[in-house]
Amino acid sequence: MAAQQSLILFTTFFWRVCMRNLLWSGFLIMMVLSGCGWDGTPTRPNDFTKLTSLEIVANSPTIAALTSTKLTVKGNFSGIFTRDITDQVTWSTDSPTVAGFTNTAIPNAVTGHIPGTAVLTATVGNISNTFSLTVSNATVTALAITPATPSVPKGLTQQFAVTGTFSDLSTQDVTLDATWASSITTVATVSDAAGSKGLAQSLAIGSTQISATFGGISDTTSMTVTAPVLQSIAVSTTTPSLLSLTSGTFQANGVYSDGTSVDVTSQVTWSSANTAIATITATGGTATALSEGTTSISATYGGVTGSASLKVTGGHLTGITASAATTTMIKGTSSALTATGKFSNGTSRDITGIVAWSVANTNIATVTSPAGNLVWLNTSSTTSGTTTVTASYSTLSSTIDLTVTDLGVASIAISSGTMDLTVGTAARLNVIATLTDNSTQDVTANSTWTTTDATIASVDNTLSATIGRVNGVAAGSATITATYGGSNITSLVTVKTRTVQSLTINAVFGTTVATGGQLQMRATATYTDGTTQDVTESATWSIDTPSIAILITSPYQTGLAVLPKLVMGVGTGTATLSATFGGKTQTTTITVQ
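Residues 0 to 592 in numbering that gives the first Met the number 0 are what the sequence shown spells out, letter by letter.
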């Protein structure tokens with residue numbers, strides 16, 4: 000009894016295992032067949048279904064002697080689908096004197112030689128089919144070229160065809176058999192070569208006669224070549240990656256049918272696919288990055304559109320901090336304003352020239368923006384009092400409290416009574432006014448600057464980021480004078496000719512920065528006489544990979560003799576920063592994370 004129970008249990012277990020494996024195998028087979036294009040009723044072309052038959056297709060089963068016709072072959076794959084397989088066929092004829100495939104320059108074209116019948120065979124592997132072709136003794140009586148009198152833009156082609164009417168009233172395409180010619184080949188040519196017969200190429204604006212001749216019969220048509228047409232627009236930019244709140248320009252080149260390329264930047268209509276990421280002026284092609292992401296910048300002109308991708312990095316603006324060199328100013332003076340933006344990726348950077356500046360009481364002070372990120376706060380020469388200065392962007396803003404006093408100037412002082420420069424270098428002088436309450440204010444921007452000899456040392460006297468900067472022009476000495484409030488103060492400048500022995504790049508806050516962050520760089524020259532000089536503003540700076548990091552202009556900073564060079568990270572990776580001065584070049588690697 001126990002043996003019987005064991006047998007039953009074993010049999011049941013074995014049956015269950017077999018059934019489970021069978022079901023699992025069936026499932027796998029269904030999955031494989033589905034992946035191979037079988038969904039239960041195979042109807043889609045694939046590389047696994049067997050070819051079972053061929054069908055030969057011709058324009059007509061009869062052609063005239065000395066004419067040709069092209070044949071096509073369709074393959075039938077097990078009755079599931081058909082497709083053109085003409086390029087895989089091997090042709091043969093049972094009567095090559097009647098018709099044959101003698102024109103090897105035109106694949107799959109059969110030519111009739113003499114009246115009669117020939118059986119043509121198409122073979123693919125071990126599958127074949129036949130087609131009976133009759134060659135008649137009909138002769139051509141008329142030709143008709145199509146299209147008639149076409150207009151073709153310069154640079155484009157036009158395929159002509161010619162149809163023959165024969166003595167038996169039949170018609171036949173004799174494009175492959177006719178002789179083609181153009182009357183003015185400087186306007187357009189037409190091919191008479193096998194494989195491209197009747198294909199005209201437009202060359203110059205004008206008209207020409209296109210002719211086709213066969214069996215002693217000819218026909219002509221006029222072809223007019225018109226001005227080239229726009230076929231595509233190539234959109235490009237030197238800044239495919241922008242930091243949020245920065246701008247870049249796009250260019251559009253129209254490619255015409257004659258191969259010419261024309262700058263159409265100012266003629267196209269610009270658009271951005273995602274204006275939350277970046278906007279672009281409808282004309283001009285200036286894009287402004289707003290928030291992280293990628294958008295497509297498009298240029299449309301004459302119904303043709305081209306596009307390029309723009310990537311925006313650096314997070315989005317989350318806060319603004321506005322500041323001024325001083326918030327208590329005397330009447331009739333100027334002070335530089337700055338705005339620092341805080342971004343969602345944790346970085347901060349200067350956005351002075353991006354925000355909108357306003358003053359609550361313009362009778363007390365006004366704001367001017369002469370260029371870029373330079374913004375001046377100018378107090379009234381007649382009105383004192385308090386007001387606020389606001390920097391705003393979108394819904395974010397920051398406010399400065401400003402007091403304009405009636406205090407007078409007790410004295411002025413210059414930052415350096417003597418200055419030692421090398422030819423080709425520059426440094427700033429600053430003027431500090433001591434007021435009647437013993438407080439001080441930088442009045443460099445409001446001083447009048449002069450030099451006794453501009454051929455030795457010139458000085459910038461324009462209300463700009465360079466005001467008060469002395470430039471070494473040639474060896475010698477000159478006196479620089481600053482005048483403010485009727486008082487004068489001078490600095491003796493000595494300019495020397497020196498030879499640079501070495502150049503050093505000094506990274507003030509390191510060489511690694513986050514995307515959107517800024518680094519301060521300075522360049523120091525060591526001369527052969529042992530002296531050193533900060534040549535940051537005199538050196539030539541460059542970055543080899545602007546998609547990783549770019550150079551930007553430092554905002555005006557009160558009291559600095561030489562402004563730093565700023566490097567801003569725009570994309571992750573490494574870039575090489577170079578500084579060149581006095582025939583020496585130094586490099587350092589910038590890493591943007």
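From the three backbone atoms N, C-alpha and C, an ideal C-beta is built for every residue, glycine too.
On a predicted model such as this, the values are computed, not experimentally measured, just so you know.
Name the two residues that bound the continuous beta strand (DSSP E) containing residue i.
i	result
SER308	303-312
LEU565	564-568
PRO146	Where PRO146 is concerned, there is no enclosing beta strand (DSSP E), given that its DSSP letter is neither H nor E.
VAL97	Counting along the chain, VAL97 falls outside any beta strand (DSSP E), and DSSP gives it neither H nor E.
TYR483	475-483
PHE130	126-135
SER210	205-213
GLY318	316-323
PHE165	160-165
Return the bridge partner residues of residue i from the DSSP annotation.
i	result
TYR392	LEU395
GLU54	LYS73
ARG521	ASN505
GLN532	ALA524
ILE279	ALA286
PRO152	THR225
ALA453	BP columns for ALA453 are empty, so no partner.
SER47	In the sequence as displayed, the identity of residue 47 is Phe instead of Ser. Answer is none; PHE47 lacks a bridge partner.
ILE329	THR404
THR385	THR402
THR590	THR511 and THR573
SER490	ILE479
ILE363	Per DSSP, none; premise fails for ILE363.
Name the residue from the options whose alpha carbon lies nearest to the alpha carbon of residue i.
i	options	result
ILE466	SER181, ALA426 and ALA323	ALA426
ASN180	PRO554, LEU401, THR207 and VAL469	Reading off the sequence shown, one finds Ala at residue 180, where the question assumed Asn. Nearest C-alpha to ALA180: THR207.
GLY258	ALA233, GLN250, PHE249 and GLY572	ALA233
SER322	MET328, ALA335 and LYS310	ALA335
THR184	SER166, GLY194, GLY416 and SER210	SER210
PRO152	TYR255, VAL354 and SER260	TYR255
ALA338	SER52, LYS330, TYR483 and THR351	THR351
ALA131	ALA104, GLY154 and THR92	Sequence check: residue 131 is Ser here, not Ala. Nearest of ALA104, GLY154 and THR92 to SER131, Cα basis: THR92.
ALA390	SER379, GLY384, THR378 and THR367	THR367
ILE105	LEU562, THR85 and ALA364	THR85
GLY284	THR386, ASP441, ALA477 and SER235	SER235
THR449	THR489, GLY475, GLY485 and ILE411	THR489
ASN58	THR122, THR71, ALA474 and THR138	THR71
MET222	SER231, ASN252, ALA251 and THR188	THR188
LYS564	ASP533, MET418, THR482 and SER166	ASP533
VAL134	GLY305, LEU142, VAL118 and THR531	VAL118
LEU491	ALA481, GLY485, TYR483 and SER476	SER476
Who are the Cβ neighbours of residue i in its own chain at under 8 Å, not counting the five residues just before and after it?
i	result
ALA513	ASN344, GLY345, THR346, GLY568, VAL591 and GLN592
MET0	With a pLDDT of only 41 at MET0, under the threshold of 50, the placement of this residue in the model should not be trusted, and no figure is reported.
ASN505	MET520, ARG521, ALA522 and THR523
GLY124	LEU50
PHE342	SER243, GLY313, GLY314, HIS315, LEU316, THR317, ARG348 and GLY515
With a CB to CB cut of under 7 Å and the five nearest residues on each side skipped, what residues in its chain are close to residue i?
i	result
ASN470	ALA425, ALA456 and SER457
ASP528	ARG497
THR588	THR510, THR573 and THR575
THR586	THR575, LEU576 and SER577
ASN102	SER67, ALA108, THR110 and ALA193
VAL186	LEU202, ALA203, GLY205, SER206, THR207 and VAL224
LEU27	Because LEU27 sits at a pLDDT of 42, beneath the cut-off of 50, its placement in the model cannot be relied upon, and the following sentence gives the value as read from the coordinates. Result list for LEU27: empty, nothing under 7 Å.
THR89	THR122
LYS310	PRO239, SER240 and THR293
Given residue i, which residues of its chain have a CB within under 6 Å of its CB, disregarding the five upstream and five downstream residues?
i	result
ASP459	THR465, ILE466 and ARG468
LYS583	VAL499 and LEU502
ASP176	THR66, SER67 and PHE213
ASN75	THR51, SER52 and THR81
THR170	THR162 and THR164
SER410	THR433
GLY516	THR346 and GLY568
Taking 8 Å as the CB-CB cut-off, is residue i touching chain C?
i	result
TRP90	The structure shown contains no chain C; it holds only a single protein chain.
With hydrogens ignored, establish whether the beta-carbon of residue i is closer than 7 Å to any heavy atom of the ligand GTP.
i	result
THR287	The model on display carries no ligand, and the ligand GTP is accordingly not part of it.
Counting beta carbon pairs with one atom in the segment 512-532 and one in the segment 488-499, are three or more of them shorter than 8 Å? In the pairwise beta carbon analysis, the segment 488-499 is classified as touching the segment 512-532: at least three pairs are separated by under 8 Å.
Three-pair Cβ contact test at 8 Å for the segment 537-549 versus the segment 573-582: These segments touch.
Whether or not the segment 263-282 and the segment 235-255 are in contact is what I'm after, with contact meaning three or more pairs of Cβ atoms, one per stretch, closer than 8 Å; do they touch? yes
Using 8 Å as the cut-off, can you tell me whether the segment 217-232 makes contact with the segment 190-206, which would need three or more C-beta pairs spanning the two stretches below that distance? yes
Would you call the segment 391-407 and the segment 311-330 touching, i.e. three or more CB-CB distances under 8 Å? Yes, since at least three Cβ pairs between the segment 391-407 and the segment 311-330 fall closer than 8 Å, the two stretches touch.
With three or more beta-carbon pairs closer than 8 Å as the criterion, would you say the segment 401-418 touches the segment 431-447? yes
Spell out a yes or no on whether the segment 284-300 and the segment 257-276 are touching, meaning 3 or more CB-CB pairs, one atom from each, closer than 8 Å. The segment 284-300, when compared against the segment 257-276, does touch it at the 8 Å Cβ threshold.
Taking 8 Å as the cut-off, does the segment 215-222 touch the segment 283-292 (at least 3 CB pairs, one atom from each stretch)? Taking 8 Å as the limit for Cβ pairs, the verdict is that the segment 215-222 does not touch the segment 283-292.
For the segment 143-162 and the segment 103-119, state whether three or more C-beta atom pairs, one from each stretch, are separated by less than 8 Å. Not touching, per the Cβ criterion.
Is it true that the segment 157-165 meets the segment 188-203, where meeting means three or more beta-carbon pairs spaced less than 8 Å apart? yes
Is there contact between the segment 556-563 and the segment 246-257, where contact requires at least three CB pairs shorter than 8 Å? Segments in contact, no.
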